[in-house]
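Accompanying notes for the structure given below.
Right, dumping it as C-alpha cells:
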C-alpha cells in the first residue's frame, strides 16, 4: 500500500515537472519571437525621429513657405527667408539646439558645391545656416522643397476684342526645386 | 479483477487530463501566434523617407508654362506647372503654352529627376524602381528601371482629382 502511494507521488512529481518544463519552453518560445524584432524596431523608430526633427525644422516659421507659394506645403522651405537667415545666423545660435543646418539642392543637379551668399544667390546649391561650421559627424536628412520667387519676361495684353497692345512685362512666378535638409547634431542627443 | 479495472480507469483519467492541458496550451499558443502574425506589417514597408520624397517631388516646378486664355490675353501665362498639376494636365490632354504636349514633358522630366536621385546599379543598394501614374480605369504612365525584388518600399500619393494616383516603389 505504501509502495503504491509512493509510486503515485512519484508519478505526480514527474507529471508536475513535465508540465512546468512544457510551460517554460512555451514561454521561452513566445519571448524569443516577441524580442527578435525589438532592436530592429528601435533603430527604425530612431531613424523616424531623426527624420521628424528635419521635418520639424523645415516646417518652422523661420524656414517654411507658409502660403507664399500658393497653398501650404509640407517640408517647403522659403529660400529667400533662408538667405536672410544666413546673414543673421549669429542671433540664432543654439536656437534650434542643433550644431548646424544645411539645405542642399539635389535637383537640378550642380556639378560643384557652391555655397550660397547674398552675392551669388540663387546660382548656388548649398545653403548653410552657420557657414563657418561644416556639416560633419552625425547628421539626419530629409527631402524638402526649396522655393523662391522668380520672374520672366512675358506678353501681357492684346486680347481678341481688346484694343490693348501686347506688351512685354516682368511676370513673377514661383520656382520650387528639390532639396535635402540636413541637420547636424551631437551624437546621442536624438537617439 | 475489479481492482485492475479501477487502476486502469484512473490511469485513463490522468491521460485525458494531460491531453486536455496540452490541448489548452496549444490553443493559447495558436491564438498568440495568430495575433502576432495578423499584425499589420504595411508600416514597415511604407517609408517615411519615400513619402517625403513623393510629397516634394509633386510640387517641383516644371518648365512648362500653363496655357490659358483670359479676356485680356488670347494666349497668356503667368505660371509654370508643378509636377502634380502637369500630371493632371496630361490626364486632361492639355498642352503647354509652347504647344508641347504636357505628357511629352512629364515622362522625361520624371525619369530625369528619379534617375538623378535614386541611382540604380549593381554596386548600389538600390536594385530598381517602378513609378506608376494611373486612374481607377487606366494607366497613364509607367517608368521602370532595374530589377524588382521582394525587399521594397512604397509610397502612394493621391492627387485628389479624377482618382489620379502616383505609386512609387523602390527595390533593394
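Chains as they are written, first to last, in the numbering used here: chain H, 13 to 203; chain G, 138 to 309. From the three backbone atoms N, C-alpha and C, an ideal C-beta is built for every residue, glycine too.
Beta-bridge pairing of residue i - partner residues as DSSP gives them
i	result
residue 197 of chain H	Its beta-bridge partners do not exist; DSSP assigns none.
residue 139 of chain H	H:115
residue 191 of chain H	H:117, H:156
residue 184 of chain H	H:163
residue 217 of chain G	G:202
residue 9 of chain H	Residue 9 of chain H is absent from the model: chain H starts at 13 and stops at 203.
residue 55 of chain H	Partner(s): none; residue 55 of chain H has no beta bridge.
residue 290 of chain G	G:307
residue 130 of chain H	For residue 130 of chain H, which the question treats as bridged, DSSP gives no partner whatsoever.
residue 295 of chain G	G:302
residue 106 of chain H	In DSSP, residue 106 of chain H forms no bridge with anything.
residue 88 of chain H	H:157
residue 283 of chain G	G:265
residue 270 of chain G	G:278, G:303
residue 76 of chain H	H:89
Residue i classed as buried or exposed, judged by whether at least 16 other C-beta atoms fall within 10 angstroms
i	result
residue 309 of chain G	exposed
residue 24 of chain H	exposed
residue 233 of chain G	buried
residue 91 of chain G	Outside the displayed range of chain G (138 to 309) lies residue 91 of chain G, so it cannot be described from this structure.
residue 81 of chain H	buried
residue 51 of chain H	exposed
residue 153 of chain G	exposed
residue 19 of chain H	exposed
residue 276 of chain G	exposed
residue 123 of chain G	Since the first residue of chain G shown is 138 and the last is 309, residue 123 of chain G is not available in this structure.
residue 310 of chain G	Residue numbering for chain G in the displayed model covers 138 to 309; residue 310 of chain G lies beyond these limits and cannot be assessed.
residue 285 of chain G	exposed
residue 57 of chain H	exposed
residue 247 of chain G	buried
residue 192 of chain G	buried
residue 28 of chain H	exposed
residue 184 of chain G	buried
residue 54 of chain H	exposed
residue 268 of chain G	buried
Contact set for residue i: own chain, Cβ-Cβ below 7 Å, skip 5 residues either direction
i	result
residue 343 of chain G	Chain G is shown only over 138 to 309; residue 343 of chain G falls outside these bounds and no answer can be derived.
residue 299 of chain G	228, 272
residue 222 of chain G	none
residue 35 of chain H	none
residue 143 of chain H	98, 127
Within 8 Å, strictly: CB atoms of residue i and residue j
i	j	result
residue 133 of chain H	residue 189 of chain G	no
residue 196 of chain G	residue 188 of chain H	yes
residue 291 of chain G	residue 304 of chain G	yes
residue 217 of chain G	residue 202 of chain G	yes
residue 66 of chain H	residue 123 of chain H	no
residue 38 of chain H	residue 158 of chain G	no
residue 141 of chain H	residue 98 of chain H	yes
residue 266 of chain G	residue 250 of chain G	no
residue 115 of chain H	residue 190 of chain H	no
residue 42 of chain H	residue 155 of chain G	no
residue 253 of chain G	residue 121 of chain H	yes
residue 95 of chain H	residue 130 of chain H	yes
residue 225 of chain G	residue 270 of chain G	no
residue 150 of chain H	residue 104 of chain H	no
Residues of its chain near residue i, where Cβ-Cβ distance is below 8 Å and the 5 sequence neighbours each way are ignored
i	result
residue 185 of chain H	161, 162, 163, 164
residue 77 of chain H	84, 85, 88, 89, 90, 157, 159
residue 69 of chain H	75, 108, 110, 113, 193, 195
residue 263 of chain G	255, 256, 257, 283, 307, 308, 309
residue 80 of chain G	Here chain G comprises residues numbered 138 to 309, so residue 80 of chain G is not present and cannot be evaluated.
residue 219 of chain G	195, 196, 197, 198, 199
residue 161 of chain G	none
residue 261 of chain G	none
Own chain, CB closer than 6 Å to residue i, minus 5 neighbours either side, in chain order
i	result
residue 128 of chain H	136, 139
residue 186 of chain G	none
residue 295 of chain G	302
residue 289 of chain G	306, 308
Contact set between residue i and chain C, taken where Cβ atoms lie within less than 8 Å
i	result
residue 197 of chain G	The structure shown contains no chain C; its protein chains are H and G.
- Could you run through the stretch 62-93 of chain H and flag, in chain order, every residue whose CB is less than 9 Å away from some CB of chain G? Residues are counted here when their Cβ sits less than 9 Å from a Cβ of chain G; for the stretch 62-93 of chain H these are 63, 64, 66, 67, 81, 82, 85, 86, 87, 88, given in chain order.
- Report the residues of the stretch 110-122 of chain H with a CB closer than 7 Å to any CB of chain G, ordered along the chain. Hits within the stretch, in order: 118, 119, 121.
- Query: Taking a cut of 7 Å between CB atoms, which residues from the stretch 227-258 of chain G lie near chain H?
  - Reply: For the stretch 227-258 of chain G, the residues whose beta carbon sits under 7 Å from a beta carbon of chain H are, in order, 250, 253, 254.
- Task: Output, in sequence order along the chain, the residues in the stretch 30-42 of chain H whose CB is closer than 9 Å to any CB in chain G.
- Result: Residues passing the 9 Å Cβ filter: 30, 31, 34, 35, 38, 41, 42.
- Query: Got a sec: which bits of the stretch 45-60 of chain H sit with their beta carbon under 7 Å from any beta carbon on chain G, in order along the chain?
  - Reply: Shown in chain order are the members of the stretch 45-60 of chain H whose Cβ falls below 7 Å from a Cβ of chain G: 45, 60.
- Contacting positions in the stretch 285-305 of chain G - beta carbon closer than 7 Å to chain H: Correct list: empty, as no residue qualifies.
- Give the residues from the stretch 184-195 of chain G that approach chain H closer than 8 Å (Cβ to any Cβ), ordered along the chain. So the close ones are 185, 186, 189, 190, 192, 193, 194.
- Item | Where the stretch 158-176 of chain G meets chain H: residues whose CB sits under 7 Å from a CB there | From the stretch 158-176 of chain G, only 158, 162, 166, 169, 173 have a Cβ closer than 7 Å to chain H.
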